[in-house]
Amino acid sequence: LGLGGAGLGAAAISAPVFHDLDEMIASPQAEFKRSWYVKEVDKPTVEIDWRMMKRFDYHEVMWANGLRKAWGPEQYDKIQKVRQERRVRFMKEDKPGYTLRDQALHGSVLWAPVSFLGPQTAQTPDQLGVPRWEGKPEENARMIRAFLKVHGAAQVGFVGLESNTTEKLIYSYDTPHFYPAFSRGKQLIFYDVDEPSETEWSRIIPKKARWVIVYTIRMSDVLMRYTPGHIGLTPTLVAYQLKNVMQGQLQNFLRSLGYMGLGEASNYNALGTAVGLGVMAGLGEQSRVMHLMTPEYGLRQRVFKVITDLPLAPGKPIDFGAMQFCRTCKKCADFCPVQAIPHDTDPSWAVYGPYSSPGVRIWRRIEPVCNAYMISAGISEHCSICFGVCPLSKGNRKAFYHDIMRATVSTTPVLNRFFRNMDDFFGYGLKGDPDEFWEMDLPPFGWD
992 LGLGGAGLGA AAISAPVFHD LDEMIASPQA EFKRSWYVKE VDKPTVEIDW RMMKRFDYHE
1052 VMWANGLRKA WGPEQYDKIQ KVRQERRVRF MKEDKPGYTL RDQALHGSVL WAPVSFLGPQ
1112 TAQTPDQLGV PRWEGKPEEN ARMIRAFLKV HGAAQVGFVG LESNTTEKLI YSYDTPHFYP
1172 AFSRGKQLIF YDVDEPSETE WSRIIPKKAR WVIVYTIRMS DVLMRYTPGH IGLTPTLVAY
1232 QLKNVMQGQL QNFLRSLGYM GLGEASNYNA LGTAVGLGVM AGLGEQSRVM HLMTPEYGLR
1292 QRVFKVITDL PLAPGKPIDF GAMQFCRTCK KCADFCPVQA IPHDTDPSWA VYGPYSSPGV
1352 RIWRRIEPVC NAYMISAGIS EHCSICFGVC PLSKGNRKAF YHDIMRATVS TTPVLNRFFR
1412 NMDDFFGYGL KGDPDEFWEM DLPPFGWD
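Quick note on numbering: the sequence shown equals residues 992 to 1439 in this note's numbering.
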């Protein structure tokens, strides 16, 4: 019943057929099998001081008001003016990666509606006159993982919300719906009520909603390496478009079972910090570039989340050697055109500005420089050079060598620099001519 009310689409048509929820829970899609070198740990590999951390106001993020605040309104307007001038000039010059058809690829984005409360088109158990679904947290976790994976998710994990720790990963003020926006988004308030609600100024999260469903959507390895430019931006946009559909399906599924699903009310990131929740859910580790690094795809995924009152067995953080590898590799920092990624061997507790959240010992990009480059270079607010050159982000195209490398990284960190040098030697990294893309025979979504 819940599956039927979740909505149809390409994923639903091609998905395995489940006759009931018990069958879904027992399916291979419900499992989260990982390579032997991925270890579950009690504490994440990134150091966290929860006492220093507070819930972060999304208004301070670069893509909201952070960049304008960092540079000042006058300089910000100049950056935007340069962006538009270069964008038009590059199209007129037929600059590879910035041509009219490349721009059309970017401009074809069609956002599905998203909301905090969800579409609410599925019938509830009360409306049907039946009891709501009741399952053990472990069963529920398998069920949600199976549901999301047959709808296109790559990895699925769960976080339990605790007021002194993980609840601080939920934003204090949410993302404005229109993006970018300089006005503050709605306040996210945990309140002792039975039902969630939304007003002009706030979004109410019932305190009984103590679990976060955290899931990822893959990004194309091939397209991501035609960067900077519109083609390199496409994997990011595709992931966000898929999220918009997938989130509504998940919210309807939870509603059909008798539970709430409180989602991201923006086409982009919202509700809570993606990397922090991804780390605590055990999907991956913190990386030098401040994005989530997973054993399966490296940096090549986007992270999304939904809060629910459906009891779920939380995951544990993992260690597969990613942060240790980032200490010595530094390839992303070497290739950054504006040197916005630090070369320091060790991460730091230092906070650069109001756009940085305290309480985590990480490498921090100089975000105003990074984002100003992406915009003023005419790149449509995107650059994935750091993603494209990362030795751990190569997918399965070169499976033999890279599987050996991943396994060795997790157990023998003394060889980390060697693998970085081998990555350079074999020429893995950015692609050359973006026009090649239009002649390629790619798998669906560009996923290898």
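The beta carbon of each residue, even a glycine, is placed where N, CA and C say it ideally should be.
Rounded to the nearest whole angstrom, the CA to CA distance from Asp-1439 to Val-1213 is 8 Å. Counted as a single uninterrupted DSSP element, the alpha helix (DSSP H) harbouring Gln-1118 occupies residues 1116 to 1119. Within the stretch 1106 to 1188, the runs of alpha helix (DSSP H) at least 4 residues long that lie entirely inside it are, in chain order, 1116 to 1119, 1128 to 1141.
Under DSSP, Thr-1285 shares a beta bridge with Gly-1289. Each of Pro-1087, Thr-1156, Gln-1094 was checked against the Cα of Gln-1075, and the nearest Cα belongs to Gln-1094. Fewer than three beta-carbon pairs drawn from the stretch 1319 to 1331 and the stretch 1145 to 1154 are found closer than 8 Å, and the two stretches are therefore not classed as touching.
Bounds of any alpha helix (DSSP H) do not take in Thr-1218, whose DSSP letter is neither H nor E. Between Arg-1046 and Ser-1154, the alpha-carbon positions lie close to 10 Å from each other.
Here the alpha carbons of Trp-1354 and Pro-1333 stand approximately 7 Å from one another. Rounded to the nearest whole angstrom, the CA to CA distance from Leu-1108 to Val-1266 is 23 Å. Met-1082 and Lys-1034 have their C-alpha atoms some 49 Å from each other. In the three-state reduction of the DSSP assignment, Phe-1295 falls in the strand class. Residue burial is scored here from C-beta neighbours: Val-1052 has at least 16 other C-beta atoms within 10 angstroms and is therefore classed as buried.
The stretch 1259 to 1275 and the stretch 1183 to 1190 do not touch, with fewer than 3 CB-CB distances between them shorter than 8 Å. Bridge partners of Leu-1253 according to DSSP: Ile-1298. For Pro-1064, the uninterrupted alpha helix (DSSP H) run begins and ends at 1064 to 1083, by DSSP.
If you look at Val-1100, you'll find it isn't in any alpha helix (DSSP H); DSSP assigns it neither H nor E. Glu-1031 sits in a strand when the DSSP states are folded into three classes. Restricting attention to Met-1134, Trp-1054, Ser-1026, Asp-1068, the CA atom closest to the CA of Asp-1013 is found in Met-1134. Between Tyr-1259 and the set Gly-1437, Val-1229, Gly-1098, the nearest pair of CA atoms involves Val-1229.
A check of alpha carbon separations from Pro-1087 across Pro-1425, Ser-1174, Glu-1430, Phe-1378 identifies Pro-1425 as the nearest. Beyond the five residues adjoining it in sequence on each side, Arg-1175 comes within less than 6 Å, by CB distance, of His-1050, Tyr-1164 in the same chain, given in chain order. Taken through DSSP and simplified to helix, strand or coil, Tyr-1206 comes out as strand. Residue nearest to Pro-1226 within the set Ser-1211, Gly-1239, Pro-1338 is Ser-1211 (criterion: CA-CA distance).
DSSP places Arg-1194 within a strand segment (E or B) once states are collapsed to three.
Boundaries of the alpha helix (DSSP H) harbouring Ala-1363: 1358 to 1367, taken from the DSSP string.
If you look at Lys-1322, you'll find it in the alpha helix (DSSP H) that goes 1322 to 1326. In this structure, the alpha-carbon of Pro-1359 lies about 33 Å from that of Phe-1409. Per the DSSP secondary-structure output, Asp-1310 pairs in a beta bridge with Lys-1030. Cβ-Cβ distances below 7 Å link Pro-1349 to Met-1043, Met-1044, Val-1342 in the same chain, with the five nearest sequence neighbours on each side left out; the list follows chain order. DSSP places Ser-1247 in the helix class (H, G or I) of the three-state scheme. With fewer than 16 other Cβ atoms inside 10 Å of its own Cβ, Val-1032 counts as exposed. In the DSSP assignment, Val-1270 falls within the unbroken alpha helix (DSSP H) covering 1265 to 1271. For Gly-1379, the uninterrupted alpha helix (DSSP H) run begins and ends at 1376 to 1380, by DSSP. By DSSP's assignment, Ile-1332 forms no beta bridge with any residue. Put simply, the backbone Cα of Phe-1378 is about 22 Å away from that of Leu-1058.
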